[in-house]
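*Asks:* Take a look at the following structure, please.
Okay, here's the thing in structure tokens:
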């Protein structure tokens, strides 16, 4: 594999020169923001998906804006790219006014992460063939930002040495909703070899991983040199490689030819995640391990868990009145803030989410069933609420 | 007692002449509409109490308007009086535009029912000293209106014969929230002597009453001749009698003197219910027994019980979406109707009440605790929501 050229010796060289500012001048980030989902309905909609919502506890910033802001500690906005799609392009640009318009890459069709990261890789490689690229989800929450920036630095330096690197989060509970990374040999600092990636475990396995201490949550953040990823795509996904080369070749023929080729080729690229298609097939991978208050904010209960709670465990809007009620989440996404009084009497463990046009009430343990409401709205033809 | 003049012989005389239309020409009704309460918050407010709300299942009519409408089958609007208070006068008149303005009696101070019914008795006696008066709560629900009108007729005829008469509802469940009437000797038709009044029973007693079959729910409706009630007040509540005579004496001195005397005397009249102060002290009372789908609509769960329910027991607004939810009440008192979608997932046995400025959520079994929210709003000085 390509990383053979950048084996242990150079890796150890950079590990000594940590915090080398010059090393950061070729670092790019790609924020993945093509996602849509139903788990945050009624706050989220087709054209206002989770990453565009200000649902992080204690913040009124859209999640994607927080993601970009955290990166700017190391990477200037000119080198932050955003991968999204045509439908979300306008709203995503509006959420990130500091990022140059040409840095937004709109996929012509959803093809999972391998094609869109591959495309971003070509775009960045064109700007700087030796660039290091960080790929980050747009919709996660990070409580300890300084700790995160420090891990980011280590992950970038590991990637600069030629090894695809990920960030692994030290688990704090036996979570069955995340994939895990088994930690291998220590390198330096918080950087380790990856032993293997593990699918979402059952409860017993998750408990075991937590006790063993050598399993980390897969944060979905990847770091690599663009030449390394290009070679890995060529090696593991030749079909994708061919498509990406066709698209890139059209760049020289001007914007119109480029757009047309993209429209023609992209929708037929193999639809697979970069994890399965490329990264997990690499023979050597590094992971930087740490804790930085990370959460993928998977559903409303995550928002409740991370929020400041009163002594009865409630996390509610200022206009909520509580009588003998416990462990509830009350969120309002109403225009101009919540003005209505929400009064709860003898209510426990509910999530109550208000928008201008909808109110959702469900027990925390039923949070995954929001999708049933969305299905019902589809059946009823209520496009206005989707 | 005064009714001795109208003993069994005349009583039996009228019982033969049932449905005598001529007998109805001296019948007046007084609707008691001075009540305020918190059990229907957030729909009810200080200036919009329960009787002014359209909360009867399947109806968009304020409860008091339904009460008046039901009476007009027997009594023209000119002979329907409404007892209310100064604060509610305007809103109550607005709800009953067909009733002449002078038929609204505004108590200067809340003194329970004996003073206000006594005052109405004087006013009606002035118009017709032999009048029969029906006293009815303004905020009850009656499902079977023809059956009710038929019972009303019998009760009026019993009262015309000189015996204070009440309507007793055949119980359909072991209700602990109502007072009961033990039925005595049968007279004719559905009219019986009253054996005794019984306070709200415990569950075991209520169950016993239901099985025995000779206990009826006290509907709070009373019927009497004004001369009989006048004599009863004189006999059982001489202090009230003196006060009422003072007020009545001022009538001849013109509206201003009348109003001033009312303002001066009324607030000092003994504060007691007509039941305890007068009626239950009468040695002979009649009760007309029957079933007519009566409910005092005591709280939100009564609304749920009486509403049309889907196969899962839900009674909800048309804009409610239900997923695996059972036995819920969703009511909207929003201006212009409910437009927001209310989505429930995995929710059972809740009452959810929406207005423009508030939303209340509580389990059906906690309905009585609405008052705690109202207390909290008072503490917070939120007069706008009371």
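Protein chains in written order, with my numbering: chain A, 1 to 386; chain B, 387 to 772. Glycine is no exception: its CB is placed at the ideal position from the N, C-alpha and C atoms.
So with Cβ pairs under 8 Å, would you call residue 369(A) a contact of chain B?
*Replies:* Working through the first chain from its first residue, we reach residue 369(A) at position 369. Cβ-Cβ to chain B under 8 Å: yes for residue 369(A).
*Asks:* May I ask you to list, following chain order, the residues of the stretch 297 to 330 of chain A that have a beta carbon less than 8 Å from some beta carbon of chain B?
*Replies:* 321, 323 and 324
*Asks:* Can you name the start and end residues of the beta strand (DSSP E) that residue 611(B) belongs to?
*Replies:* One-based indexing of the second chain puts residue 611(B) at position 225. Note, residue 611(B): beta strand (DSSP E), 601 to 611.
*Asks:* Counting only beta-carbon atoms, is residue 357(A) nearer than 8 Å to chain B?
*Replies:* As a first step, residue 357(A) is located in the first chain; it is residue number 357 there, counting from the start. For residue 357(A), the answer is yes, since a Cβ of chain B falls inside 8 Å of its Cβ.
*Asks:* Please confirm if the stretch 329 to 346 of chain A is in contact with the stretch 303 to 318 of chain A, defined as three or more CB-CB distances below 8 Å between the two stretches.
*Replies:* yes
*Asks:* Need the endpoints of the beta strand (DSSP E) that residue 466(B) sits in, please.
*Replies:* Here residue 466(B) refers to the residue found at position 80 when the second chain is read from its first residue. Its beta strand (DSSP E) spans residues 466 to 471.
*Asks:* List, in order along the chain, the chain B residues whose C-beta lies closer than 9 Å to that of residue 363(A)?
*Replies:* Looking up residue 363(A) in the first chain gives position 363. Ordered by position in chain B, the residues that pass the 9 Å Cβ test against residue 363(A) are 731, 732 and 733.
*Asks:* Throw me the rounded Cβ distance for the residue 425(B) and residue 684(B) pair, which I believe falls under 8 Å.
*Replies:* Indexing the second chain from 1 puts residue 425(B) at position 39. Indexing the second chain from 1 puts residue 684(B) at position 298. 7 Å between Cβ atoms; contact.
*Asks:* Is the beta carbon of residue 578(B) less than 8 Å from the beta carbon of residue 565(B)?
*Replies:* Taking the first residue of the second chain as 1, we reach residue 578(B) at position 192. Taking the first residue of the second chain as 1, we reach residue 565(B) at position 179. No; because the gap between Cβ atoms is not below 8 Å, this pair is not in contact.
*Asks:* Pick from 175(A), 53(A), 29(A) and 295(A): whose alpha carbon is nearest that of residue 355(A)?
*Replies:* Locating residue 355(A) in the first chain gives position 355, where the first residue counts as 1. Nearest option by C-alpha distance: 53(A).
*Asks:* Could you pull out every unbroken alpha helix (DSSP H) segment of at least 4 residues lying fully inside the stretch 67 to 127 of chain A, listed in chain order?
*Replies:* If we require 4 residues or more, the alpha helix (DSSP H) runs fully inside the stretch 67 to 127 of chain A come out as 86 to 95 and 113 to 127.
*Asks:* Taking CB distances under 8 Å as the criterion, tell me whether residue 746(B) reaches chain A.
*Replies:* In the second chain, residue 746(B) corresponds to position 360, counting from 1. Cβ-Cβ to chain A under 8 Å: yes for residue 746(B).
*Asks:* Going by beta-carbon coordinates alone, are residue 322(A) and residue 344(A) separated by less than 8 Å?
*Replies:* In the first chain, counting from the first residue as 1, residue 322(A) sits at position 322. In the first chain, counting from the first residue as 1, residue 344(A) sits at position 344. The answer is yes: Cβ separation under 8 Å.
*Asks:* Tell me, to the nearest whole angstrom, how far the beta carbon of residue 466(B) is from that of residue 454(B); I am working on the premise that it is less than 8 Å.
*Replies:* Position 80 of the second chain, counting from 1, holds the residue named residue 466(B). Position 68 of the second chain, counting from 1, holds the residue named residue 454(B). Right, their Cβ atoms sit about 6 Å apart.
*Asks:* Looking only at its own chain, which residues have a Cβ that is under 7 Å from the Cβ of residue 521(B), when we skip the five neighbours before and after it?
*Replies:* Start at 1 with the first residue of the second chain, and residue 521(B) comes out as number 135. Around residue 521(B): 416, 418, 503, 607 and 608.
*Asks:* Residue 655(B): which of 635(B), 638(B), 628(B) and 674(B) sits nearest, CA to CA?
*Replies:* Start at 1 with the first residue of the second chain, and residue 655(B) comes out as number 269. Selected option, being the one with the closest Cα: 628(B).
*Asks:* With a cut-off of 8 Å, does the C-beta of residue 376(A) fall near any C-beta of chain B?
*Replies:* If you number the first chain from 1, residue 376(A) lands on position 376. Yes, residue 376(A) lies at the interface with chain B (some Cβ there is under 8 Å from its Cβ).
*Asks:* Does any residue of chain A have a CB that is nearer than 8 Å to the CB of residue 549(B)?
*Replies:* In the second chain, residue 549(B) corresponds to position 163, counting from 1. Among the CB atoms of chain A, none fall inside 8 Å of the CB of residue 549(B).
*Asks:* Restricting to runs no shorter than 3 residues, where is the beta strand (DSSP E) found entirely within the stretch 717 to 760 of chain B?
*Replies:* 727 to 731, 736 to 740 and 744 to 749
*Asks:* Using a Cβ-Cβ cut-off of 8 Å, state whether residue 759(B) counts as contacting chain A.
*Replies:* Translated into positions along the second chain, residue 759(B) becomes position 373. Yes, contact with chain A.
*Asks:* Using a C-beta to C-beta distance shorter than 9 Å, which residues of chain B count as neighbours of residue 340(A)?
*Replies:* Position 340 of the first chain, counting from 1, holds the residue named residue 340(A). Going along chain B in sequence order, the residues near residue 340(A) (Cβ under 9 Å) are 740, 741, 742, 743, 744 and 745.
*Asks:* Output needed for residue 679(B): all residues of its chain with C-beta closer than 7 Å, excluding positions within five of it in sequence on either side, in chain order.
*Replies:* Position 293 of the second chain, counting from 1, holds the residue named residue 679(B). If we look at residue 679(B) and ignore the five residues flanking it on each side, its Cβ neighbours are 528, 529 and 530.
*Asks:* Can you grab the Cα-Cα spacing for the pair residue 396(A) / residue 167(A), in whole Å?
*Replies:* Absent from the model: residue 396(A). The displayed extent of chain A is 1 to 386, so no value can be given.
*Asks:* Is residue 752(B) close to chain A? Criterion is C-beta to C-beta, closer than 8 Å.
*Replies:* Indexing the second chain from 1 puts residue 752(B) at position 366. Closer than 8 Å to some Cβ of chain A, the Cβ of residue 752(B) qualifies, so yes.
*Asks:* Would the beta-carbon of residue 518(B) fall within 8 Å of that of residue 413(B)?
*Replies:* The sequence position of residue 518(B) within the second chain is 132, counting from 1. The sequence position of residue 413(B) within the second chain is 27, counting from 1. Contact flag set, yes.
*Asks:* Please check if any C-beta of chain A sits within less than 8 Å of the C-beta of residue 771(B).
*Replies:* Your numbering for residue 771(B) matches position 385 in the second chain. Chain A, which has a Cβ nearer than 8 Å to the Cβ of residue 771(B), makes this yes.
*Asks:* Can you check DSSP and say which residues form a bridge with residue 528(B)?
*Replies:* Locating residue 528(B) in the second chain gives position 142, where the first residue counts as 1. Answer is 680(B), bridged to residue 528(B).
*Asks:* Who are the Cβ neighbours of residue 497(B) in its own chain at under 6 Å, not counting the five residues just before and after it?
*Replies:* If you number the second chain from 1, residue 497(B) lands on position 111. The residues are 655 and 657.
*Asks:* Thinking residue 510(B) and residue 482(B) are a contact (beta carbons under 8 Å), I'd like their distance in whole angstroms, please.
*Replies:* In the second chain, residue 510(B) corresponds to position 124, counting from 1. In the second chain, residue 482(B) corresponds to position 96, counting from 1. Approximately 17 Å separates the beta-carbon atoms of residue 510(B) and residue 482(B); this is outside 8 Å, ruling out the contact.
*Asks:* Look at the alpha carbon of residue 186(A) and the alpha carbon of residue 219(A), and state the distance between them as a whole number of angstroms.
*Replies:* Within the first chain, residue 186(A) is the residue found at index 186, counting from 1. Within the first chain, residue 219(A) is the residue found at index 219, counting from 1. Each residue's alpha carbon lies about 19 Å from the other.
*Asks:* Using the DSSP secondary-structure output, state which residues sit across from residue 522(B) in a beta bridge.
*Replies:* As a working mapping, residue 522(B) is identified with position 136 in the second chain. Its beta-bridge partners are 417(B).
*Asks:* State yes or no: is the C-beta of residue 615(B) within less than 8 Å of the C-beta of residue 560(B)?
*Replies:* Position 229 of the second chain, counting from 1, holds the residue named residue 615(B). Position 174 of the second chain, counting from 1, holds the residue named residue 560(B). No. Outside cutoff.
*Asks:* Going by DSSP, what residue range makes up the alpha helix (DSSP H) through residue 255(A)?
*Replies:* As a first step, residue 255(A) is located in the first chain; it is residue number 255 there, counting from the start. If you look at residue 255(A), you'll find it in the alpha helix (DSSP H) that goes 255 to 265.
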